[in-house]
Amino acid sequence: MKRAKFRYKALADQLQNQIENGGFTLSEKLPSLRVLCQQTGFSMTTVFQAYVELEKRGVIISRQRSGYFIRPRSERLRMAPDMTCSDMVPQKINLDDMIHQLTEDLGNPSLLKLGAISVAPAHLPVEQLHRHLKAIPKTRIPELIAGYVHPLGDPGLRRQILRLIFAYLPEITEADILLTNGCTEALSLGIRAVTSPGDTILVESPADPWLRQAIRDLKLYALEVPTHPETGMDLHSVEQILARETVAACIVNPNCQNPLGFIMPDDHKKTLVDLMEKNSIPIIENDVSGDLHFGEIRPRPLKSLDTKGTVIYCSSFSKTLAPGLRVGWMIPGRFKDKICRMKLNASLVSPALNQALIAAYLKEGRFPRHLRRLRTVLRVQYQYCAAAINASFPKTVKMTRPAGGQSLWIELPPRTDGRQIYKQVRSKGISVLPGFLCTSFSAFDNFIRIGYGGVWDEETKKAIKTIAGVIRQPDPDGL
13 MKRAKFRYKA
23 LADQLQNQIE
33 NGGFTLSEKL
43 PSLRVLCQQT
53 GFSMTTVFQA
63 YVELEKRGVI
73 ISRQRSGYFI
83 RPRSERLRMA
93 PDMTCSDMVP
103 QKINLDDMIH
113 QLTEDLGNPS
123 LLKLGAISVA
133 PAHLPVEQLH
143 RHLKAIPKTR
153 IPELIAGYVH
163 PLGDPGLRRQ
173 ILRLIFAYLP
183 EITEADILLT
193 NGCTEALSLG
203 IRAVTSPGDT
213 ILVESPADPW
223 LRQAIRDLKL
233 YALEVPTHPE
243 TGMDLHSVEQ
253 ILARETVAAC
263 IVNPNCQNPL
273 GFIMPDDHKK
283 TLVDLMEKNS
293 IPIIENDVSG
303 DLHFGEIRPR
313 PLKSLDTKGT
323 VIYCSSFSKT
333 LAPGLRVGWM
343 IPGRFKDKIC
353 RMKLNASLVS
363 PALNQALIAA
373 YLKEGRFPRH
383 LRRLRTVLRV
393 QYQYCAAAIN
403 ASFPKTVKMT
413 RPAGGQSLWI
423 ELPPRTDGRQ
433 IYKQVRSKGI
443 SVLPGFLCTS
453 FSAFDNFIRI
463 GYGGVWDEET
473 KKAIKTIAGV
483 IRQPDPDGL
C-alpha cells in the first residue's frame with residue numbers, strides 16, 4: 013500500500029533522478045542548503061532532511077565544512093523496493109513444491125547457498141565450542157546423555173540467557189524462560205498456544221517461507237500486511253484490518269527482519285503493541301536476529317513494551333553461535349503453562365548436552381565480543397555484496413538497505429520470473445530464494461533473496477556476476 017510521501021523524500025527522489033540521469037557531474041559538489049532552498053522553495057529543514065535521506069541511501073556523501081558530493085556509482089546503493097499493496101484478506105497458504113527443493117538445497121554440498129540465511133562456520137567460535145565440549149567432566153556425561161533436564165531447560169543456560177537480555181528485558185526472571193529446539197519450535201509453540209484451526213493470523217508481507225509453511229500446516233489463515241522495507245508493518249493497514257476482521261494473533265519480526273532487514277522504529281513498536289493490547293490480540297515476536305544489528309545500540313524487542321504478558325518472545329543461538337545445536341528459547345508470558353504443556357507433549361525436553369555446551373561457552377564471557385566481531389563481518393560483507401550487485405546487475409534492479417541481519421531483498425526488472433531465475437542459476441551450482449515463496453500473492457514474483465552471511469570470496473563474487481548474467485539474458489523458453 014503506497015502512502016503519500018513526505019516532502020523531503022519527494023525532494024530526495026527528484027534529486028536522485030537528476031543524479032542518475034546525468035543532471036550532475038560525477039563527484040560534483042551539490043548546491044548548498046541555502047541555494048537549494050532558493051531553487052526549490054522548500055524550507056531549510058526540508059532540504060537538509062532530503063540531503064540526509066540521500067546520504068542514507070548512499071547516493072551522496074557529506075564532507076565536513078565542504079558540503080555534499082555525489083558518491084561514485086560503484087559505491088552507491090540501489091533504490092529500495094516499494095511497499096506492495098495486497099488485498100489484505102485472510103488467505104489459505106499454498107506453498108509451491110519448490111520449498112522442498114530449497115530445503116534439500118541447504119544440505120547439498122555442491123551448491124553455493126546464496127539464498128540461505130545462515131552464518132558460515134568460519135565466522136563462528138567453533139574451536140571454542142569444541143574445547144568446551146571436550147572439557148565436560150566425565151562424571152556429567154551420564155546425566156547429559158542418559159538423563160533429562162528440567163522441563164524449562166538447563167538452569168545454568170537459563171541464567172546465562174538472563175544475563176544476556178538484562179539490558180533490554182530487566183524484569184524477566186529465570187523461571188520465565190523456556191528452552192526449545194531452535195527458534196522454529198518456539199514460534200510453532202507460540203502460534204499453537206493462541207490459535208485454533210481456521211483462525212486468522214496477521215503476518216508481514218514478505219515473510220520467511222518456512223514460517224508460512226508452519227502457518228499452513230496448522231490450518232490457519234494468513235492475512236498479509238504490507239510491510240515497508242525500512243519501518244516494517246504498515247500500522248495504518250493494521251488498524252483498517254482490525255476494524256473489520258477477527259484476528260487471533262499477530263506474528264512479527266521487528267528487528268533485522270527476514271527478508272527485508274529493517275529495524276522497526278521504537279514509536280512504531282509501541283503503537284503496534286498498544287494496538288494489539290487494545291484488541292486483546294497476542295503477539296508472537298521473532299527476535300532471532302536482533303543481535304545482528306548494524307547500529308551501536310541493540311534494538312529493543314516488542315517484549316520490552318509488553319505490560320500484560322501478551323507478547324510471546326522467541327529467539328535462539330542459531331543465527332549467532334551454533335545453528336547445528338538447535339538451542340532456542342522463548343518467554344511465553346501469560347501463556348507459559350499452556351506452552352510448557354504443549355512442549356512436553358511434543359518433544360518432552362530439549363537435548364541436555366547441547367544446552368550444557370552453550371551454557372559453558374556463555375559462562376566464559378566471550379559471547380559479547382564474538383557478537384561485536386560477527387556484526388562487523390556481516391556489515392562489511394553486506395557492503396561487498398551490495399557493491400557487487402551495483403556493479404553487475406541491471407540498472408532497473410532495486411534492493412533493500414538492511415539495518416542488520418543477513419539478507420538482501422532484490423526486485424528484478426519487470427516481467428522477470430524469480431522462479432525461473434532460481435532454476436537457471438541452480439543449474440550453474442548456485443541457490444537463491446525466489447520471492448514468490450514469501451507471499452500468497454503475485455506481488456513478489458520478480459523478487460529474489462540473497463544472503464551475505466557466508467564467506468565472501470572469489471567464488472561468491474563470481475556467483476553474483478553469474479546471477480547478473482542470467483537476469484540480463486533470461487532463458488527465452490522459461491521467461
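Residue numbering for the sequence shown is 13 to 491, as defined by this note's numbering.
Ideal placement from N, C-alpha and C gives every residue a C-beta, glycine not left out.
Keep in mind the model is a prediction, meaning the values are calculated, not measured.
Proximity to residue i [Cα-Cα], best of the options
{"i": "H142", "options": "A158, N366, T472, L126", "result": "N366"}
{"i": "R413", "options": "V237, V161, P271, R228", "result": "P271"}
{"i": "V131", "options": "K474, G159, G466, I479", "result": "G466"}
{"i": "K331", "options": "T283, D286, C268", "result": "C268"}
{"i": "M110", "options": "L449, I462, V482", "result": "L449"}
{"i": "A134", "options": "P335, I351, T451", "result": "P335"}
{"i": "N106", "options": "G244, Y394, I227", "result": "I227"}
{"i": "G447", "options": "K473, A260, M411", "result": "M411"}
{"i": "K350", "options": "L424, S328, G417, A198", "result": "A198"}
{"i": "W421", "options": "P218, D108, L181, S208", "result": "P218"}
{"i": "I460", "options": "G159, G53, V482, L317", "result": "V482"}
Inter-residue Cα distance where the pair is residue i and residue j
{"i": "I176", "j": "E67", "result": "It should be noted that the sequence gives Leu, not Ile, for residue 176. Whole-angstrom Cα-Cα distance: 34 Å."}
{"i": "R15", "j": "L23", "result": "With a pLDDT of 43 at R15, under the threshold of 50, the predicted position of this residue should be treated as unreliable, though the coordinate-derived value follows. Whole-angstrom Cα-Cα distance: 16 Å."}
{"i": "L145", "j": "L369", "result": "6 Å"}
{"i": "E470", "j": "Q436", "result": "21 Å"}
{"i": "I263", "j": "C49", "result": "44 Å"}
{"i": "N29", "j": "F36", "result": "10 Å"}
{"i": "Q432", "j": "T478", "result": "14 Å"}
{"i": "T196", "j": "R385", "result": "26 Å"}
{"i": "P241", "j": "P93", "result": "7 Å"}
{"i": "M276", "j": "S78", "result": "33 Å"}
{"i": "I253", "j": "L284", "result": "13 Å"}
{"i": "I213", "j": "I148", "result": "44 Å"}
{"i": "L491", "j": "Q113", "result": "Note that L491 scores a pLDDT of 44, beneath 50, so its modelled location is shaky; the value from the coordinates is reported in the next line. Rounded to the nearest angstrom, the two C-alpha atoms are 20 Å apart."}
{"i": "L191", "j": "A372", "result": "16 Å"}
{"i": "P425", "j": "K315", "result": "39 Å"}
{"i": "F54", "j": "Q61", "result": "11 Å"}
{"i": "R171", "j": "V392", "result": "33 Å"}
{"i": "L118", "j": "L126", "result": "10 Å"}
Residue range of the alpha helix (DSSP H) that includes residue i
{"i": "Y434", "result": "430–438"}
{"i": "G168", "result": "167–177"}
{"i": "E67", "result": "56–69"}
{"i": "R310", "result": "Here R310 belongs to no alpha helix (DSSP H), and DSSP marks it neither H nor E."}
{"i": "L156", "result": "153–158"}
Residue i (DSSP reduced to helix, strand or coil)
{"i": "G302", "result": "helix"}
{"i": "G202", "result": "helix"}
{"i": "G463", "result": "strand"}
{"i": "A16", "result": "Low confidence applies to A16: its pLDDT is 46, below 50, so where it sits in the model is not reliable, and the reading given next is rough at best. Coil at A16, not helix or strand."}
{"i": "S452", "result": "coil"}
{"i": "S327", "result": "strand"}
{"i": "K355", "result": "helix"}
{"i": "S86", "result": "Below a pLDDT of 50, predicted positions are generally treated as unreliable, and S86, at 47, falls in that range; no measurement from the model is reported."}
{"i": "G481", "result": "helix"}
{"i": "M411", "result": "strand"}
{"i": "G345", "result": "helix"}
{"i": "I148", "result": "coil"}
{"i": "I401", "result": "helix"}
{"i": "K41", "result": "strand"}
{"i": "W222", "result": "helix"}
Counterpart residues of residue i in DSSP-defined beta bridges
{"i": "G119", "result": "According to DSSP, G119 bridges with nothing at all."}
{"i": "K125", "result": "S443"}
{"i": "T192", "result": "G340"}
{"i": "N267", "result": "I275"}
{"i": "W421", "result": "R461"}
{"i": "Q103", "result": "A234"}
{"i": "C262", "result": "L214, I295"}
{"i": "M245", "result": "T239"}
{"i": "G416", "result": "H305"}
Cβ of residue i within 7 Å of any chain E Cβ
{"i": "T332", "result": "No chain E is present in this structure, which holds just one protein chain."}
Continuous beta strand (DSSP E) stretch holding residue i: start and end
{"i": "F81", "result": "79–82"}
{"i": "H240", "result": "233–240"}
{"i": "R75", "result": "72–75"}
{"i": "S217", "result": "212–217"}
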